[in-house]
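In this note's numbering, the protein residues as written are 135 to 403.
This is how it looks when you write it as structure tokens:
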């Protein structure tokens, strides 16, 4: 397969002002892409857009709440009008939750689904015709929680499983057009996502995060994601522990559930 190049391609990144999203903006920009940064944080957007521009990267910043279908459509329309189309859409914006199911309000599930699932759905629906026309790519920042259970994160895991079902199915529908979907399962990456995790009452939890293995950096994760995008991979699982967890969950799911629960149980005590 011919290696994908991104010079002069239009790359849209939701949640692009921090974490993996920002690192992807920087990496794709360094590869010659035009970058559309989409985020709720206007100050962070302006700051990071200016830094990218100083590197000679063509950028556009768009303030958008991805839980609003209207705002997602307006943002994508603005990008298509300004840059001519969308070649790569990175559905990266997300939130997480850490709390026992019995203690978690229904409103928390609704909020997590609104950001993680519906935000990706809205942006993809708005961009899909352009992506198909340009034989482009959708990259979904899904997490291991999309392909395996995750203790104390029923809402987060549900949203990521929903993403997995949506986007693997979408891939089968658009494959014949030359467009593509790549799923990314980052594992534990050092970003501010966990510092904003919702507790069962919908407020930011004060309980410390537990994790399996060493955290990777956003910059390294972005580098691996871009390399995989060049090869138009179907699935990219990051970190050694992430890869091990993925395969154990496939081969011995009950064993995986026990190991994972033992590692993360302290979060809810």
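Every residue gets a Cβ at the ideal spot worked out from N, C-alpha and C, and that includes glycine.
Every value quoted in this text rests on a predicted model; they were computed, and no experiment measured them.
Under the DSSP assignment, residue 215 falls in the alpha helix (DSSP H) whose first and last residues are 203-217.
The beta-carbon separation of residue 200 and residue 332, rounded to 16 Å, does not stay under the 8 Å limit for a contact. Annotated three-state conformation of residue 239 is coil, per DSSP. Taking all protein chains in view, the Cβ of residue 140 is crowded by 16 or more other Cβ atoms within 10 Å, so the residue is classified as buried.
Looking at the DSSP output, residue 273 sits in a beta bridge with 224, 316.
The beta carbon of residue 180 lies closer than 8 Å to those of 195 in the same chain, with the five residues before and after it left out. Taking the CA atoms as reference points, residue 287 sits about 24 Å from residue 316. In the same chain as residue 381, and ignoring 5 residues on each side of it, no C-beta atom comes closer than 7 Å to its own. The shortest C-alpha to C-alpha distance from residue 170 to any of 390, 384, 355, 206 is the one to 206.
Residue 281 sits close to residue 298, with the two beta carbons spaced by under 8 Å. With a threshold of 16 other beta carbon atoms within 10 Å, residue 263 falls short and is exposed. The segment 301-309 makes no contact with the segment 347-360; the number of CB pairs closer than 8 Å stays below 3.
Between residue 273 and residue 363, the C-beta spacing is below 8 Å.
For the 8 Å CB-CB criterion, residue 227 and residue 265 do not form a contact. By the neighbour-count definition (other C-beta atoms within 10 Å, threshold 16), residue 173 is a buried residue.
With a contact defined as Cβ atoms closer than 8 Å, residue 356 and residue 157 qualify at about 4 Å. Taking the C-beta atoms as reference points, residue 138 is found nearer than 8 Å to residue 366. DSSP places residue 179 within a helical segment (H, G or I) once states are collapsed to three. In the assembly as shown, residue 253 is a buried residue. Its beta-carbon has 16 or more other beta-carbons within 10 Å. The beta carbon of residue 300 sits closer than 8 Å to those of 251, 254, 255, all from its chain and outside the five residues before and after it, given in chain order. Secondary structure at residue 398: helix, using DSSP grouped into helix, strand and coil.
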